[in-house]
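Only one structure is covered here, and it is reproduced in the block below.
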Ligand SMILES: [Mg+2]
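Residue numbers (this note's numbering): 1 to 404.
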């Protein structure tokens, strides 16, 4: 009797195991790389040829589709994961029945530092997708660059590689846990949804219908860049005639003061270089000594100079003022009004356009030593420099309008 029961259990176990494997090879992921985006689709992922519009059901992964068994924020090994909720696979299958294609967008910069190696991530994601057992595509950002949410590199990969030129239906949406609530570590999922023009839901709201966790009425922090563009552009300079004396040929030293990314170099090149002003910049010259030396020789040649460094402290500005004073040449402060958030946004825009991003520590360093420029330091005047966006092309403007 016992033996028979054992045999039956064993047979049914083997049968179940065989059944559960059946068809799962359809969910095998075939990986590709697009710059710093790793992406894959299941074998059975396909778009309906006849439909012009693509209904996209998009999800974040960590904290949305899965959590960790260990309770850590990020799973440290391939098996340290569990579904966010039991109903996740069922809910995703329902979305495919409603005609949506399932896509996952996940930030995994740990791949670059090898904190979470790429091989481990692939094994883990394959397990997750088999568990979901739904046709889907998954996009993985491997760096801190343009592909990292909230920037839209992964979405661009999706549009290029998967959407096949179809337009994206307005019913498309994104679900993510980084929504900018008090308990959230960031709002990058919500900003990503906004950048991609997708409706946004938190996992609690989406999976459980929990309206208390809706962020619909919660203002998104940061700067509303779209609103900035429709506002009346503020005057660039206050006073507006601040460049008249320079234009009239007076020799001057102009000391710029502002965050990295506040627009100092752009201003110099657009407004001062055409007037023959020599630009003195630490990044290009390399050392302070070279900056002092070029300031001295240029003034001796009768030319005006602009000190295009951040110059946050009186002791960073003082030595330059002394050089001007020694020749009886007026030193002027041009203080850039761009806030820290704004300057950081501009830095991220530059990165998203393929340029260099300024490390966040540079902003803390600026803030720590910052003192507002005062006439007592020896300045002839203090000019306030506002911000008027100037875009080199449409792509630059679009990059500016993205939340970063
Ligand atoms: Mg998450």
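Even for Gly, the Cβ is constructed at its ideal location relative to N, Cα and C.
Quick one: what's got a C-beta closer than 8 Å to residue i's C-beta in the same chain, skipping five residues either side?
| i | result |
| --- | --- |
| residue 89 | 83, 131, 132, 133 and 134 |
| residue 161 | 32, 34 and 39 |
| residue 11 | In this prediction, residue 11 has a pLDDT of 49, which is less than 50 and means its spatial position is unreliable; what the coordinates show is noted afterwards. For residue 11, where only same-chain residues beyond five positions count, there are no Cβ hits under 8 Å. |
| residue 338 | 258, 259, 261, 262, 263, 346 and 387 |
Quick check on DSSP: helix, strand or coil for residue i?
| i | result |
| --- | --- |
| residue 328 | coil |
| residue 69 | coil |
| residue 81 | coil |
| residue 166 | coil |
| residue 402 | coil |
| residue 74 | coil |
| residue 300 | helix |
| residue 279 | strand |
| residue 365 | helix |
| residue 291 | helix |
| residue 273 | helix |
| residue 397 | helix |
| residue 141 | strand |
| residue 335 | strand |
| residue 51 | coil |
Beta carbon of residue i, beta carbon of residue j: below 8 Å?
| i | j | result |
| --- | --- | --- |
| residue 45 | residue 142 | no |
| residue 105 | residue 29 | no |
| residue 59 | residue 65 | yes |
| residue 336 | residue 256 | yes |
| residue 313 | residue 261 | no |
| residue 37 | residue 140 | yes |
| residue 332 | residue 252 | yes |
| residue 193 | residue 174 | yes |
| residue 404 | residue 349 | yes |
| residue 323 | residue 296 | yes |
| residue 167 | residue 55 | no |
| residue 406 | residue 278 | Nothing about residue 406 can be read from this structure; the chain reaches only from 1 to 404. |
| residue 402 | residue 107 | no |
| residue 202 | residue 238 | no |
| residue 73 | residue 101 | no |
| residue 400 | residue 158 | no |
Relative to the C-alpha of residue i, which residue among the options is closest?
| i | options | result |
| --- | --- | --- |
| residue 388 | 282, 108 and 267 | 267 |
| residue 281 | 101, 300 and 293 | 293 |
| residue 118 | 55, 158 and 77 | 77 |
| residue 346 | 81, 302 and 264 | 264 |
| residue 198 | 150, 213 and 311 | 150 |
| residue 325 | 303, 378 and 210 | 378 |
| residue 184 | 52, 214 and 330 | 214 |
| residue 218 | 111, 288, 187 and 269 | 187 |
| residue 165 | 320, 52, 358 and 226 | 52 |
| residue 329 | 344, 353, 61 and 298 | 298 |
| residue 48 | 96, 72, 85 and 27 | 96 |
| residue 222 | 159, 340 and 129 | 340 |
| residue 363 | 344, 373 and 270 | 344 |
| residue 372 | 357, 315, 319 and 355 | 315 |
| residue 212 | 181, 308, 190 and 224 | 181 |
| residue 216 | 244, 75, 191 and 355 | 191 |
| residue 80 | 244, 68, 114 and 87 | 68 |
| residue 61 | 243, 300, 127 and 291 | 127 |
Are the C-beta of residue i and some C-beta of chain C separated by less than 8 Å?
| i | result |
| --- | --- |
| residue 317 | Of the protein chains in this structure there is only one, and it is not chain C. |
CB-CB under 6 Å to residue i, same chain, minus the five flanking residues each way: which ones, in chain order?
| i | result |
| --- | --- |
| residue 334 | 254, 256, 383 and 385 |
| residue 210 | 204 |
| residue 94 | none |
| residue 145 | 36 |
| residue 272 | 306 |
| residue 284 | none |
| residue 351 | 357 |
| residue 367 | none |
| residue 13 | With a pLDDT of 43 at residue 13, under the threshold of 50, the modelled position of that residue is not reliable, and no figure is offered here. |
| residue 43 | 26 and 28 |
Might you give, ordered along the chain, the residues of its own chain that have their beta carbon closer than 7 Å to the beta carbon of residue i, omitting 5 neighbours on each side?
| i | result |
| --- | --- |
| residue 275 | 246 and 247 |
| residue 381 | 332 |
| residue 122 | 31 |
| residue 154 | 37, 105, 139, 141 and 147 |
| residue 396 | 353 |
| residue 92 | 102, 132 and 134 |
task: Collect the residues with a C-beta less than 5 Å away from any heavy atom of ligand 1 and give them in sequence order along the chain.
output: Spelled out in chain order, the answer is 60, 62, 63 and 177.
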